[in-house]
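In the numbering used here, the protein residues as written are 124 to 1078.
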Amino acid sequence: MNSSPTVFLSYTWSDLAAVGRIERALRKRGIAVFRDTDTPEFDRITDGLAAAVDGSALLLAFYSRRYPTRYACQWELTRAFLAARRLGNPLDRVLVVNPESGDSHIAPIELTDAGYVKWRDKPDVDRLVQRVVDKLAQADGVPLGPPSKPDDLARLDPRVLLPRRFVGRYRELWAVHSALHGGLLSAVRKPHPHAVAVLKAPRGMGKTSAAEHYAFLFRDAYPGGVAWLSLAGGGVSLDDDTVVARFSVELRRAAADRFGLDLPDLDADRMRAVLGDHLSRRGEDVLVVVDDLPPGLSPAVLDRLVVPSARVHTLLTARTATPDWPAASVELGGLSDVEAEALFQTEWPELDDTDRATVHRLSRQYGGNPFLLTAALHALSAGHRTGAAEDFTGRLDELVAEELDLVTASVRARSRAALLVLGFAAALAQAPFPADLVSDGLVGEQRATTSEVAAALAELAEHSLVHRAHAGRGHGQGWRLHALVADAAHRALGPETTDDLARTAARAIAARVGDSAPPHLHLHVVHLAANQAVPVEERLELLRSQAAVHERDGDAPAARDAIREAIRLTGHRWRSEDMLTSARMAVAAADPEIALAHASLVLERSRANGDKRSEFRARFLAAAAHDLRGHYHRANEVFHEHPDVVAHGTFPTWLSQAQRHEIRVAKAAALRHRGDHRAAITTITAVYPDIRRDAPDSQWPAATLELARERMFNGETKQARLDADAVVALFEEAGKSGHRLAKEAAAVAAEADLVVAFTDLNLTGERWRTATDRIGALALDSASWFGPDNAHTLHLRVLHAQALLDSSDPAGSLRVLADTDGRIEATLGADHPLRLRARSVAGRARFAQRSWAHAYEILGDVLPRQVDALGLTHPDSLVTRFALGLAAAGNGDKVEALSLVAHTWRLQATTHGWWRENALEALVHQAIVVLPGPLFRLLMSLKRAAVGGRGRKQT
């Protein structure tokens, strides 16, 4: 406890006399008071000042009309208010003294509702002091205390940390904060999902700057961090897919940089869900800023730009708000007269009435636009008194009455090199860019020297035509260009020079696309790719290069989206190579619809023009898309059994080595899906020695995973486990443990553990239970990562159901399948192989429960459909046939039982050799328990007859 609680007196220096009177009255009552006397305007906040606020029990704000224009005052108020909220009701710890006739200048509005103390005419000092005494008594000597992470600025996006001069509009910032937090006065506030606010204003009004300032000033409200996502170029209408694609790339970057969560190989909606779950588990409030929204977005698209978590507060900046979207909207207006005065006082500290009147006229002429007023300030800086301002105002009447002209005049006055830099930067997106990018472009084409570019940037910064920005770690000094300056540069330079510099910028960007590219480079890529001044082929190469980068990063959805931009650009003149790349990335992203659509287009064109190579690749990708859908017969028709492919071979010599590896691995997987394990193991072992262990984007992970699956089927279970673990380790080394292949490898390793436990005849032992539980845990993890309807998740759930069944828990198996079966049918189709396997497991579970008739009904329905989809000898078909025979035996139909079981053993022996199929072995164990002994021995005698005394492989 603090026996002498301190009152922190917050004020502006223009109110010194009144504040001194209040201080004396408080001290006379024995109240300790802290009053800062050392912080000038725009100076940094010292550690001592922060400690003084934190150590106080009450903040007393003398809230005059100039109070909202002072950064130090607003910092003090914000820090105290947020600290007070952590302790309970903020109004118990913040007291306002209002010396003005109205209260419209006071923010947050809750401070006016709480009943401030008036200070006009004959202020009642004693009443004020008593209010202070009462609040201190209520505080009981407990200080406000510091924020939970006062010095951890690493949690903030670097762009909100840069020094800047920001004047006024704190009322709007408080309105944003109130909107994001559902009101500020709840002492105990339950987090609510989708806390969203839209900060809207016309172009060039300073939305981005205001959002940056909010993120920095209110950072203590977000101990979990601040992330910044840019949709730069939002002034241009974009289609929904393009908006979501840009958001996805930015979200993936921010998740890794700000929250340490790598989200490879996930589409936009799954990224949002996974990040939301991650942040909810962390339990700390987070701010996500989505800057520069394009106009005309529907509520459905806007919903996809919000991370779904009770801990995430989303601030979007836009020119307009969508009326039918239920998000709070805050209008960002221009500077007030008082705020405009504060801006001009940075050059003229003492303004008389005439000066202020001139400033007011200027401010109103430009709608309070802070950027235009800053430009006016620079234009007037050669003079130092009112006369210069009045002369300038007179000159404005002679100019075209457009806001742009003032900035254009400043641009035209710049040096030749500065104009080149401006033209280059104006061709880019409204996003940060590194200084050396400009230098590379202009110096590389001998349009300027390195020293000229550096001097030009300094000149432009001096006149507030460019501003410092964070370009990314390792990329040196960054800059950004205001939208109105970009427009002015286009006007000043003219279309010919502007277009020429856009082409220079495009070539410079193309040279930068790669592994070490700045974080916002993709925004510049898509912006320049839409610039018609850049040759079409160069625009296409930008997008193709960006797609290749995403592919190397293991981000198939982003690569698919980037190459689709190239396809849109070419229209009906699309290139087959782009379509094939799109189809390949769609297959990798498990998007069979896009893959099949684009592969089919190439197939049709290549057949018409005799392009056999493109036709072959299109057929291969179409088959891969059909396999994703479980349509194996269609895949066989289009590729595996197509006459042209059979005639010329599955691996033609003209394929590159990488393509041959890709197709061989995919062929092995296709053979496995069809149950031809002998051919599958031969195919993968033939190519595997030629594939070296490399980065996650190489063929090695997929090839090793396929080899592990075949080794497990072939009885080499322990080696299969080692192979799967090696794939997991590779992705962990690269920091991509969430990648699809890493998750699949973990599942293969867990399945191998099941096989080992089974072959050790430890069905009810601890090892089996551990292996079964791990499968269940992986299914839950997959559902949270990929979604409950994802094919990998559904596969794991069916595997978990089978493991439970094999461990003599048919009821548990049926509980898992109760939800899973419907999801598979809705997502993949009623006759998808996975759905048929799930139904087969359900039938076997009924058999284990001695529900013979029910089991027979289910299995009798499944078997012909499996044979049609997979073939007579597929392991799934064999297991179902054997189970159906057992169910027939349970029903008392010995003849059908003997026929079905005998057929199963013959097919197994002649097709697959003497492998051990766990499901069959488990059925044998169940039959021992549930069937009469003589009948069971009769059925097993059929196996001995089929095997003929030959041995089989051991695990």
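Here a beta-carbon is modelled for each residue, glycine too, at the ideal position from N, C-alpha and C.
Cut-off 6 Å between Cβ atoms - residues of its own chain near residue i, not counting five sequence neighbours on either side
| i | result |
| --- | --- |
| residue 985 | 959, 962, 963, 1003 |
| residue 369 | 354 |
| residue 737 | 699, 725, 729 |
| residue 390 | 680 |
| residue 1020 | 1008, 1011, 1012 |
| residue 535 | 615 |
Collapsed DSSP secondary structure at residue i in the structure displayed
| i | result |
| --- | --- |
| residue 655 | coil |
| residue 866 | helix |
| residue 184 | strand |
| residue 602 | strand |
| residue 709 | helix |
| residue 71 | Given that the chain is displayed from residue 124 to residue 1078, the structure contains no residue 71 and the question cannot be resolved. |
| residue 221 | strand |
| residue 436 | strand |
| residue 450 | coil |
| residue 243 | coil |
| residue 571 | coil |
| residue 1017 | helix |
| residue 321 | strand |
| residue 950 | helix |
| residue 352 | strand |
| residue 228 | coil |
Separation of residue j from residue i, as counted between CA atoms
| i | j | result |
| --- | --- | --- |
| residue 826 | residue 198 | 57 Å |
| residue 132 | residue 233 | 19 Å |
| residue 130 | residue 156 | 5 Å |
| residue 994 | residue 1034 | 12 Å |
| residue 740 | residue 718 | 12 Å |
| residue 590 | residue 498 | 13 Å |
| residue 801 | residue 833 | 9 Å |
| residue 711 | residue 487 | 56 Å |
| residue 936 | residue 431 | 32 Å |
| residue 598 | residue 556 | 9 Å |
| residue 393 | residue 909 | 6 Å |
| residue 846 | residue 838 | 14 Å |
| residue 806 | residue 824 | 16 Å |
| residue 924 | residue 939 | 6 Å |
| residue 595 | residue 153 | 53 Å |
| residue 343 | residue 629 | 40 Å |
| residue 803 | residue 361 | 46 Å |
| residue 973 | residue 941 | 19 Å |
| residue 641 | residue 207 | 40 Å |
| residue 500 | residue 461 | 15 Å |
| residue 330 | residue 492 | 11 Å |
| residue 618 | residue 624 | 10 Å |
Closest residue to residue i among the options (Cα-Cα distance)
| i | options | result |
| --- | --- | --- |
| residue 210 | 223, 230, 270 | 270 |
| residue 656 | 997, 724, 626 | 626 |
| residue 601 | 782, 581, 477, 608 | 581 |
| residue 185 | 138, 923, 173 | 138 |
| residue 1026 | 248, 939, 996, 216 | 996 |
| residue 701 | 363, 721, 305, 267 | 721 |
| residue 366 | 420, 247, 708 | 420 |
| residue 375 | 396, 363, 364 | 396 |
| residue 723 | 713, 744, 733 | 744 |
Cβ neighbours of residue i in the same chain (closer than 7 Å, five flanking residues each side left out)
| i | result |
| --- | --- |
| residue 299 | 320, 322, 337, 438, 453 |
| residue 677 | 387, 388, 819, 820, 859, 862 |
| residue 782 | none |
| residue 135 | 187, 189, 190, 193, 196 |
| residue 496 | 458, 463, 466, 485, 486, 489 |
Neighbourhood of residue i by C-beta distance below 8 Å, restricted to the same chain and skipping five residues each side
| i | result |
| --- | --- |
| residue 434 | 314, 347, 402, 403, 405, 406, 407, 408, 409 |
Exercise for review: Indicate whether the contact test is met: 3 or more Cβ pairs, each with one atom in the stretch 542-550 and one in the stretch 603-612, closer than 8 Å.
Suggested key: yes
Exercise for review: Take every Cβ of the stretch 753-763, pair it with every Cβ of the stretch 785-797, and state whether three or more of those distances are shorter than 8 Å.
Suggested key: yes
Check your understanding: Any contact of the stretch 662-671 with the stretch 374-384, i.e. 3+ C-beta pairs under 8 Å?
Key -> no
Exercise for review: Examine the Cβ distances between the stretch 848-857 and the stretch 890-898 and report whether three or more of them are shorter than 8 Å.
Suggested key: no
Review point. Would you call the stretch 210-230 and the stretch 243-262 in contact, with 3 or more CB pairs under 8 Å?
Key: yes
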